[in-house]
Structure formats: structure tokens, C-alpha cells
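A quick write-up on the structure given underneath.
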């Protein structure tokens, strides 16, 4: 277990290093700079700015400086927000984004388990077909469309919520639904197809023959075995939640990391872009590591490997 | 990666008897045709402004109403279909080309080369694709060509994985072995024997790649970091139209509804189409 963990952590660090390097190269190659203005700045000012941010050094020196800084948790100054460093901005906005992501994940799981179970148990019935249909809708609807329609319908027309605020627990409901809808649909479909297979297996028949109650057959025997595929997709699901979050934060005007990322891209605020990219990658690597650890817990067969 | 319909197995009736599949196919063809003949369909032209007809609700003259500058919304949607279809189909083809070559090489070489090539794919696959699109679009510029390259450079990993898996299997097929025994060259083996035997899964993946690209493009345009090319003869992206509508939503919801419906229905139709094709061409699915 120890060597396995070590290997996974090493692999994660390798991914982080590759991403850091590629982002660095990419942003150096990208045309247009952070100090381009409609009216050209005088060359002296540009020279000053460049020397302040060490942009006049050779690329290799910049790269090494950058690597050693991020190793110390310092993502450098923001070109746009002059009063705050990138690390500060991330520290302020990450909790908001993380809260939104966790809420959406919880929402998705809470919806997917009953839906997947019902659809698989009553396979081929009206409930099943309804579930498949809603699932396809849920996967096809883009975040920004669902979010905009929810704001229009539920917040503006019905007046149940106030849109564009983030100061009360109820402000999180519509963003949570918007971000969680696609994962919920995806998980429900995944559970359905796994459970359909599980229900036809011998141990289910044995349990029924022994006279185990139907509810126990479905919940304890079948559902327990369907957890592994769900665990497997947790990595990609985290990635989907991360990328979904910047659209949802944009639509609902939530002060999270994703919204800062979008404005950083428009402003070409390179340190902020690189910082947020690395945090996203780190979150993803961390999620995948957790999944690997949970495997051993859920499926005893994995422990020996 | 992105979660997509291609991960979900749903069993269906034969394709020619499936009304959902036929409707989806018809819808996709209509959108494609509209994109092709947009200038002849609309009497208004993409840039036709009417200052006195700003933000009108749907009427006989303007079936979907007009936007904030008095432009006919239906005309703008028809032209926008060109952007969506070009990006969707173009990305899918670029990804197909890169991914198929990569996957064939990896699966065919095997051994250490295969391991290394698949590690690279794993890294790409585990990163959120929207993040890479955004970073790449900084490099390639925010026009339709730059976006095509950026999207294509990310989407190929799906093809690479599938083609490689199939190529590994196909290598063991008896007819491939027989061809090898008869002295067929590697090139011939790959192109004449292995590639045709894995055409089914490739076509299915191709179909699912189109809506992914349309979704990515419209999302990027909606949040204001997609195509930014106001003088392009291609028309304005549906995502940008939805963004315009989003700003006017409070009082003129129709300006949002029509572009949103166009995006949603097109993605939905391609997903249903992909589902149907998979059950038909690749019954084992995944």
C-alpha cells in the first residue's frame, strides 16, 4: 500500500510539473501581452513594467524562477489586480468554488441513486423510459442555457430566488442545480446500466431464493456492487464539475475562482491564468488519488494488487 | 475529459424504425442545409439593420423577432448555424485524423512505445478539456480557424483510445494474421485490414464528437472568450447570440430563447443520432 501510494503521488506531481511547464511555454508563445493597451504605452514604461515582473530576463531564468516560486506556494503578482497577489485571490475564491462543487456533487448523487435504482428495477417500464429521456436531456443541455432558463423562470418569473447574489444559503440552490444536472443525469444512466447487469447475476437470485426481502436485495446486495463503476467515474466527474463551475459562476455572478479565471483570460493576466490552471490540476490529481484509495476500501480484491 | 452520451449504453429498435433517430437525423440535416443556403433563405442578410425595429417580438415579417440592433433573429440564427456546423464537423474530422493515426501507431507498435503514447493520452484525458481549449485559444487566436485547431488538439484523445483498443484486438484476428503471414507490409496491414474492421466505433465516436465541439464553442462564445471575429462572413456564433439574449432576457426573453433552443436541440439531435448509430454499428458499445 505504501509503495502504491508513493507511486500515485509521484505520478500526480509529474502531471503537475508537465502542466506547469506547458502552460508556461504556451503563455510565452501566445501573441499579445498583458501590457498591450488601446493607446500604446511609452517604451520606457513598458521597460519598467517588464523589469518589475522579470519579463526582461531570458525565458529559462523566468521558467526556473516561476517553478521555484510555485514550489513555495507563491503564484506571483496579478497583472490586473495590483493590490493582491495571485495566491491571495485563489485563497479568497477557492472556498466558494469548492462549496459550489461539493453541493453540486451531493445534489447529483442524491438524485442519481434513486433514479438509477428505480429505472433498473422497473426496467423497460414507463418509469425507465422517462428516466432515459430525462437523462439524455440532462446531458445535452449546456450549463449556460440551463442556468439562464432557471434564472428567467424560477428567479425572475416566479420570484422564488434573487438572481445574481451570493449572500444567503438560498443563493446556492439554482447554481447547485445547474452545475449538478449533467453529473446527475450521467450517474443515473451509469447506475441504471450497471444495476441491470447486477440484477441478473446469480447471487441476486440466491438472495431472493433465500427469502431476503426485495428492498434488501435491491439496496444491500445490488446497490453495494454497483458502487465501483460510480467510483471509477469520480475523476472525470470532478473534471466536469471544475469546468462547469466557471460557466455557472459566470452566469450566476458568483465570486468564485472560475469567474476570476475567465476575466484573467480576457485580461491576459498570465500569473492568474497559470495559478488557477495549476490549482485546477492539483484538485483533479487529488480527486484521482482519493478515488484510488477508496477502491481498496470498497473492493477488497484491489487491496492485494 | 467531458461526460458524454457515448458512455451510456441504451438498447433500441433497428435504426430505420426508431422515430427518435429519424427525427434527429432530419433535424441535423435541416440545420446543415440551412447553414449551406443561409444567404438564399433569408430576405434580410446577415448585417441588415432596421433602426426602427429594435427588439421586436416574433411577427409575420420577423418570425423570431429582432435583436437589440434591429437585426432579424432568424437570419442571424441561420448564419450562426454555419459557425456551429463548421466547428462541430471540422473539429470531429481533425480529431479523427490525429486520433486514428496516433491510435493505430500505438496499438500496432505495442510494447514500451505503446505504454508511453498511452501515458500521454492519459494526461490529456484527465485534464478538464474546457481548460485546455481556453489556454490553446489564447495561442491560436479567437477566430474560427484558431478554435478549430484548439478543439481538434484536445478531442483526438477519444479517438486515439478507441482506435488503439480496437487495433490491439484486430491484430489478433485470424484474417490479419493470415495477411501478415502472406507478407503484407505494415502499412497495408494497418490501412487495408485493421482500419476497415474498426470503422463502426470510429463513426460512432465521430458522431458524438460533433455535439461536444458545438457545446464547447457555444459555451466559450457565451462567456465571451470564444470566437471574436465580428467581420467574419461566417456569421455570429449561437453562443454569442445567446449572450446577447442573456443581457436582454429580463424584458425580451425571446432573444435568449431562440438561440438557446437552437443550441440545445442541435446537441440533443446529434446525441440521439450517435446513440442510434452505436446500437446499429457497434452493438457491443462500451
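Chains as they are written, first to last, in this note's numbering: chain A, 8 to 312; chain B, 64 to 349. Cβ atoms here follow ideal geometry from the backbone N, Cα and C, with glycine treated the same way. Nothing here was measured: the structure is a model prediction, and the numbers come from that model.
Alpha-carbon spacing of residue 65 of chain B relative to residue 148 of chain A, whole angstroms: Confidence at residue 65 of chain B is low in this model, with a pLDDT of 44, below 50, so the placement of that residue should be treated as unreliable; the coordinate-derived value is given next. Distance between the alpha carbons of residue 65 of chain B and residue 148 of chain A is about 13 Å.
Closer than 7 Å at the beta carbon, the chain B residues around residue 148 of chain A: Correct list: 327.
Beta bridge counterpart(s) of residue 92 of chain A as assigned by DSSP: Partner(s): A:84.
C-alpha distance - residue 83 of chain B paired with residue 162 of chain B, whole-angstrom precision: Counting only the Cα atoms, residue 162 of chain B lies some 30 Å from residue 83 of chain B.
8 Å Cβ cutoff met for residue 47 of chain A and residue 274 of chain A: No, Cβ-Cβ distance for residue 47 of chain A and residue 274 of chain A is not below 8 Å.
Proximity of residue 101 of chain B and residue 160 of chain B at Cβ, strictly below 8 Å: No, the pair does not count as a contact, with Cβ atoms beyond the cut-off.
Three-pair Cβ contact test at 8 Å for the segment 318-327 of chain B versus the segment 289-297 of chain A: Two segments are said to touch when three or more pairs of C-beta atoms, one from each, lie closer than 8 Å; by this definition the segment 318-327 of chain B does not touch the segment 289-297 of chain A.
Length of the line joining the Cα atoms of residue 70 of chain B and residue 197 of chain A: For residue 70 of chain B, the predicted model reports a pLDDT of 47, less than 50, meaning its position is unreliable; a value from the coordinates is still stated below. In a straight line, the C-alpha of residue 70 of chain B is about 8 Å away from that of residue 197 of chain A.
Residue-level contact to chain A via CB, residue 206 of chain B, 8 Å cutoff: Judged by the 8 Å Cβ criterion, residue 206 of chain B is not in contact with chain A.
Nonlocal neighbours in the same chain, by C-beta distance under 8 Å from residue 239 of chain A, ignoring five residues either side: Take residue 239 of chain A, set aside five residues on each side of it, and the residues of its chain with a beta-carbon closer than 8 Å to its own are 298, in chain order.
Simplified DSSP assignment, three categories, for residue 270 of chain A: Residue 270 of chain A: helix per DSSP, three-state reduction.
Residue 334 of chain B burial status per 10 Å Cβ neighbour count (16 or more: buried): Classification for residue 334 of chain B: buried.
Buried versus exposed call for residue 342 of chain B [16 or more other C-beta atoms within 10 Å across all chains shown]: Label assigned to residue 342 of chain B: buried.
6 Å Cβ shell around residue 266 of chain A - same chain, five flanking residues per side excluded: So the list reads 256, 257, once near-sequence residues are dropped.
Alpha-carbon spacing of residue 340 of chain B relative to residue 242 of chain A, whole angstroms: Linking residue 340 of chain B to residue 242 of chain A through their CA atoms gives a straight-line distance of about 28 Å.
Reduced DSSP category for residue 268 of chain B - H, G, I as helix; E, B as strand; rest coil: When DSSP states are grouped into helix, strand and coil, residue 268 of chain B belongs to the helix group.
Between the CA atoms of residue 93 of chain B and residue 304 of chain B - distance to the nearest angstrom: For residue 304 of chain B and residue 93 of chain B, the distance between alpha carbons rounds to 20 Å.
Residue 80 of chain B to residue 199 of chain B span [Cα, whole Å]: Answer to the nearest angstrom: the Cα atoms are 43 Å apart.
Outcome for residue 222 of chain B when other beta-carbon atoms lying within 10 angstroms are tallied against a minimum of 16: Burial call: buried.
Reference residue 276 of chain B, options B:244, B:174, B:212, closest by Cα: Ranking B:244, B:174, B:212 by Cα distance to residue 276 of chain B puts B:212 first.
When A:102, A:107, A:76, A:177 are compared against residue 92 of chain A, the one with the closest alpha-carbon: If we check each option's Cα against that of residue 92 of chain A, A:76 comes out closest.
Contact set for residue 349 of chain B: own chain, Cβ-Cβ below 6 Å, skip 5 residues either direction: Any reading at residue 349 of chain B is ruled out, since the residue's pLDDT is 40, under 50, leaving its predicted position unreliable.
Given residue 28 of chain A as reference, the closest of A:70, A:20, A:55, A:57 once Cα atoms are compared: Of the listed residues, the one whose Cα sits closest to residue 28 of chain A is A:70.
Classification of residue 138 of chain A by the beta-carbon crowding that lies within 10 angstroms, buried from 16 upward: Using a 10 angstroms sphere on the CB of residue 138 of chain A, the tally of other CB atoms reaches 16 or more, which defines it as buried.
Inter-stretch contact at 8 Å, needing at least 3 Cβ pairs: the segment 169-183 of chain B / the segment 219-233 of chain B: Verdict: yes, contact present.
heavy atom of the ligand NAP below 7 Å from residue 98 of chain B C-beta: For the structure depicted, the ligand NAP is absent and the ligand set is empty, with no information on it obtainable.
Below-8 Å beta-carbon distance, residue 34 of chain A vs any chain B residue: With a threshold of 8 Å between beta carbons, residue 34 of chain A makes contact with chain B.
Residue 316 of chain B: contacting residues in chain A (beta-carbon distance under 8 Å): Residue 316 of chain B reaches chain A at 159, counting residues in chain order whose Cβ is nearer than 8 Å.
Bounding residues of the alpha helix (DSSP H) (the contiguous stretch that carries residue 229 of chain A): Premise fails: residue 229 of chain A is in no alpha helix (DSSP H) and is neither H nor E.
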